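Data block below; observations after.
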Amino acid sequence: MKRLPVLSLLLWVCSIYFVGIYLFVGGFLLVRLEVSRTSSCGDVLQPGEEPVDFCRAQPRFRRAVLLIIDALKIDFARYEPNNTSPRPYENKLPVLEETISARPSHGRLYPFRADPPTTTMQRIKGFTTGSLPTFVDVGNNFASSAILEDNLIHQFGQVGKRVVFMGDDTWESLFPKKFHRSLPFPSFNVKDLHTVDNGILQHLYSTMVGDDWDVLVAHFLGVDHCGHRFGPDHPAMADKLTQMDGVIRAVIDRLQNDTLLVVMGDHGMTDTGDHGGESQKETDAAIFLYSPSPLFPAQQSQGEPDVVPQTDLVPTLALLLGVPIPYSSVGQVLLPLFSAPGQTEGAVGGLGQLEALWINAKQVNRFLETYSGMAKDIPPESLSRLKQEFSRLSSEYLSAVREGRPPSPQLAASLQAYLTSVRDVCRATWARFNPLKMAAGLAILAFACWMCFVLSELSVALIKVNGPGVKAPVVMAIAVGVGVAVAQLFTQGYVEIAWCLAAYALTSELLFLWRARRFQAATLLMNGTKAPKSASWLTLRHLLIPSLLVTLLRCASLLSDSYVIAEGRAVTFLVFSLALYIPIHLNWDGLLLPPIPDPLKAAGLLPPAALSPATVRKESSTLLACVGLLVGSLYLSLFFHGCREEQGFCQPSRFLSPLSRLQDSRIKNIHYFLSVCSLGLWTYLLRRCLRHYGNLNSSGATVFTARWILPLLSVCMGLHWAVSSTPEDSFRNLSELIGLGQVALPRLAFFLVGLGLFLIWLDPLTVFVKTRAAAPARGQSSMPPPSYRASTGISTQAELHHLIPQIYQRMRRSLEDGEPTGGGEVDNRPAVEAYGLGTVYSAPLLLFIGLLGIGLLLLHPEGMALSFLLLLLEMGALLHIHASSTTLRGLGGTYTGGFNVPWTPVVLWSLAATQFFHATGHLPTFPSIQWGAAFVGFPDGHTGTVLPASLVTLNTFASHILFAVGCPLLLFWPLVCEVRGSRAGRACGDESEDAVMEMRLRENPLQFSAALLQLSTRYLFILGAQVFASVCAAAILRRHLMVWKVFAPKLMFEASGFLVSSVALLIGVTLVLRVDVAVARWFKRLIPDASR
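For the sequence shown, numbering that gives the first Met the number 0 gives the first residue as 0, with consecutive numbering after it.
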């Protein structure tokens, strides 16, 4: 077998796809240009042209306390006295309503709307800088880097205000060495509800009564972590909100008259406790403003805002505390906090509304001028309109001030409209694209798909003859890439690696396609006018087959936001339709049912059929039964789907909730019982399949894994589920033991998975060899041959079907050195018997998938065990449908030859991977990411981000991994389930008629290599086409209303899924090559034994 060419070709194809994705994403998801300038106290912002020290004026407040309750959505803060049966998150903060009712001029509660993405780091950045985050910022949520833009914390430090911080340690990474005093606590462990909050409470009150602070920031995390762990509708949420109610009361009691209190949430949460997207439940937090001195007008005016954007907090706090507004802020001041013209009661001192608006507008205009001069990405017409509007407003305001007359009543509204327009223009502009990089990425991905298709159709010719390999194109492409780097170094003084990679990818693609075309032309010339089969791969009839049409239809549908939203059910329908197409097509060709008896055959005038009608009926029954199993699995898998915010009244599956969230003990016990039964059935089916094919008889490492590690891992998983579902307040005497179990059991499971996978890789053979005694010499008494059994676990029926009695007839004859043919046999039975040799390739791969599947299940909620069982059943159904259809075509004489896997099963396999992505509760949205996977076995959190990111990735793309690793099974399963006579020498030629099942591959290494390469490239082509379609959708619809809500997340998930799937496919192919090496060594060791 040509192992190195197969692996090198696949690695090269994957690298080309990676470069295309990298280039396009780099051009599509650029971070906006950050302005590095900072505001200062000497900026001319007030009326008049003389520089004055803005910071010397008496501010409205000397101190401020910011209580940030993470994920405090507006629903948590509202109080409904008529609600007699509140849910756990309702009416738990009565202090807000009581304070507002008792002292209406001292406090207000508003909805506090965040800009997506609604992740903590981006929200902190938003309400300290006043800027808008970009889409790509969501990826930095757990790898926070210091904020370089001007911000409130920096401005407080510049004027000498002492900022004391306590709480979420994200602030420390965003503002290093910026605090007068800091008490950070680890924030990443979402299962820890109390450490951060209790740490704050140990220092909060003592700090407030002291005099060594001017701004106090306390960031509580318990509510957010409770939402992630239990959801909002849980008693633990009621306890947390009640605790926060007590904290707010205690803080209010300790406030002084010159202190402003701000209680706010950074974002909201969904009904499942998640956040990160842009649904209203995620964006609408709460903000409560209060001071012991009058803060608002006694009666709410018509100018009161319905919703406060988070960016508006920045200029408001800056002007109230007497510091410059941060340079890059695009927020506008909250007018009710400033005194209106002619106001005599309520707000006392400080700036008036028009003064605040003017300072705010001049600061925003200054930023707009600076940014537009640097970035050049704001549309000129919008920029000109905004400049003209500010010039008009500025002239009107300054003339009124100079003349000493009151400005017109409409001026305040005009200034507010101007500030809103600037923010809207910036929001629309800050999706900065690099069209050149996007075009290069699109071109590379398009050529990669074409190249992958060519490679799959020419794989047989490429392997059999000296075809267009990748060595010359890659070498020349690397030379071109180095040349581009040198040219950049001489012309620009630096190297931009993206364009070097682009030059490498495009050069290697074009060279390969050119060499492939020349190779095809040379093949045609050598064959005269008759074109070989490999030359017809670009004909329209060859391309428009139903399976490829389904792929094309799905790729085209990715440009529709409705399809992306409903993709889970749509892909389920496509799998169902394409699976039904197989028996319908067979029946159309007359291959599904036995042929009607022909009287000419009965008379001997025509040759008889290859096999009896009973065999055809058996294969047809198997195919139809597997189609039924597939349909049942598809239907049941719909009960495990999650819900997008756009899907209205959709209810997410109850199985998506961990057992620890379930409050009804009866339902919890039922879920646990179903999960354990599913896990046990998963283990039983794997062992039953291996035993059925005689692969549990040897003493190798792989058999040890199947016999011992697999059951032990299942037991460990069941115990882990039982321990993790135990409530914290139960079994208090065993709390330490339960805590130990929550750490030790999943880590032991991880260890067993890793050990099992390593043992499979180390010794993948599952073959048991038994040598018979030699025949007695002539003239000696003939003793009856002893009766051997391979193991007590294999039945006589399995021996008859899956014993390989003659390893190789010609090999044995060549080793006998002229001895009589029957000299080594007794009763026509072989001298060497081997059990499990017929499934030598598929058995370790199947066990590898089973072990890996349990490891991935460990990262999911317990209820997903049922979904994983359906995945295994669907995978088996697809394999048997493919095997039976191949057999029926072979029996009907329409077998195409070789071991090539048709397009239909490959397309079905890829669609099933996407279908079970949704059936395991995942969605191509950021709020649906199951962050709890990062803490399985690590309840106390992590010190870095690599391990938790890896665990979350494995959880998210579990179905992609399993189907990609198992892709080579499509090559092996028709051989495993073959019926004698179904191929009749068509696959391997006359010489291999003694080799059965997977030994046919061993007999024909070139065809084996070509078939494996073709299967892998076809799978990569389908995955690459999906990525290319997502890239096209994002590029074409980049100004679409739903681009950041639907198409951009879909692109990120498709690209990430391709990266993970390609790596998993390489692992599966490499495991097959590893088994082939082990089989070759096994035969080498067998030769001297057989010769003796």
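Glycine included, every Cβ here is placed at the ideal spot set by N, Cα and C. Owing to the predicted nature of the structure, the values given are computational and were not obtained by experimental measurement.
query                                                                                                                                                                     : result
With distances taken from CA atoms, which of W681, S724, W720 is nearest A705?                                                                                            : W681
Report the rounded CA-to-CA distance for P1144 versus A76, giving the unit in angstroms.                                                                                  : Past the boundaries of the shown model lies residue 1144; the chain is included only from 0 to 1091, so the question cannot be answered.
Please state the DSSP three-state secondary structure of S295.                                                                                                            : According to the sequence provided, residue 295 is Phe. The question's Ser does not apply to it. In this structure, F295 counts as coil in the three-state DSSP scheme.
Under a Cβ-count criterion, where at least 16 other Cβ atoms within 10 Å of its own Cβ denotes burial, should C649 be classed as buried or exposed?                       : exposed
With the cut-off set at 9 Å, would you say F962 and S1060 are in Cβ contact?                                                                                              : yes
With DSSP as the reference, label S561 as helix, strand or coil.                                                                                                          : helix
Buried or exposed, going by whether 16 or more other CB atoms sit within 10 Å of the CB of Y493?                                                                          : exposed
Using the Cβ count rule (16 or more neighbours within 10 Å means buried), how would you classify E236?                                                                    : This sequence places Met at residue 236; Glu is not what is there. Per the 10 Å Cβ criterion, buried.
Measuring alpha carbon to alpha carbon, tell me which residue in P87, P973, S958 is nearest A1063.                                                                        : S958
If you drop the 5 nearest sequence neighbours on each side, which residues of the same chain put their C-beta closer than 6 Å to that of R36?                             : Y326
Rounding to the nearest angstrom, what Cα-Cα distance links F23 and V1030 in this structure?                                                                              : 8 Å
Apply the 10 Å Cβ neighbour rule to T269 and answer buried if 16 or more other Cβ atoms are within range, or exposed otherwise.                                           : buried
Among residues of its own chain, excluding the 5 on either side of F111, which ones have a beta-carbon nearer than 7 Å to its beta-carbon?                                : M263, G264, A284, A285, I286, V307, Q309
Is D196 closer than 9 Å to T119 when the C-beta atoms are compared?                                                                                                       : no
Residue range of the beta strand (DSSP E) that T903 falls in?                                                                                                             : Not the beta strand (DSSP E): T903 falls in the alpha helix (DSSP H), residues 902-918.
When DSSP labels each residue in this structure, what does H1039 get in the three-state scheme?                                                                           : coil
Specify the secondary structure class of K470 as computed by DSSP and reduced to three states.                                                                            : helix
If we require 3 or more residues per run, which beta strand (DSSP E) segments fall completely within the region 155-219?                                                  : 162-167, 180-184, 214-219
Specify whether the region 670-678 and the region 857-876 touch according to this definition: at least 3 beta carbon pairs, one from each stretch, less than 8 Å apart.   : yes
The beta strand (DSSP E) spanning Y289 covers which residue range?                                                                                                        : 283-289
Taking the alpha-carbon positions, what's the L758 to T701 distance?                                                                                                      : 6 Å
Count the CB pairs spanning the region 495-512 and the region 472-487 that are closer than 8 Å, and state whether there are at least three.                               : yes
Can you list, in chain order, the residues of its chain whose CB lies under 8 Å from that of V1071, leaving out five sequence neighbours each side?                       : Y840, L844, P967, L1011
So is E1053 buried or exposed if we call it buried at 16+ other beta carbons inside 10 Å?                                                                                 : buried
Out of C715, P926, L385, G889, which one is the CA nearest neighbour of D854?                                                                                             : Reading the sequence as shown, one finds Gly at residue 854 and not Asp. Per the Cα distances, C715.
In this structure, does DSSP put R228 in helix, strand or coil?                                                                                                           : helix
Specify the secondary structure class of K1 as computed by DSSP and reduced to three states.                                                                              : coil
When you measure from the CB of L3 to every non-hydrogen atom of the ligand GDP, does any distance come out below 8 Å?                                                    : As presented, the structure is devoid of all ligands, the ligand GDP included, so that no description of it is given.
Cβ of K1092 within 9 Å of Cβ of S656?                                                                                                                                     : Nothing about residue 1092 can be read from this structure; the chain reaches only from 0 to 1091.
Over what stretch of residues does the alpha helix (DSSP H) that includes R690 continue unbroken?                                                                         : 664-691
Rounded to whole angstroms, what is the Cα-Cα separation between R122 and K375?                                                                                           : 26 Å
What's the gap between the Cα of Y289 and the Cα of H105?                                                                                                                 : 5 Å
Drop a sphere of 10 angstroms on the beta-carbon of D168, count the other beta-carbons inside from all chains shown, and report buried for 16 or more, exposed for fewer. : buried
Could you have a look at M263 and say whether DSSP puts it in helix, strand or coil?                                                                                      : strand
For L878 and L887, I'd like the C-alpha separation in whole angstroms.                                                                                                    : 14 Å
Considering only residues of the same chain and omitting the five flanking positions on each side of L294, which have a CB-CB separation below 6 Å?                       : H105
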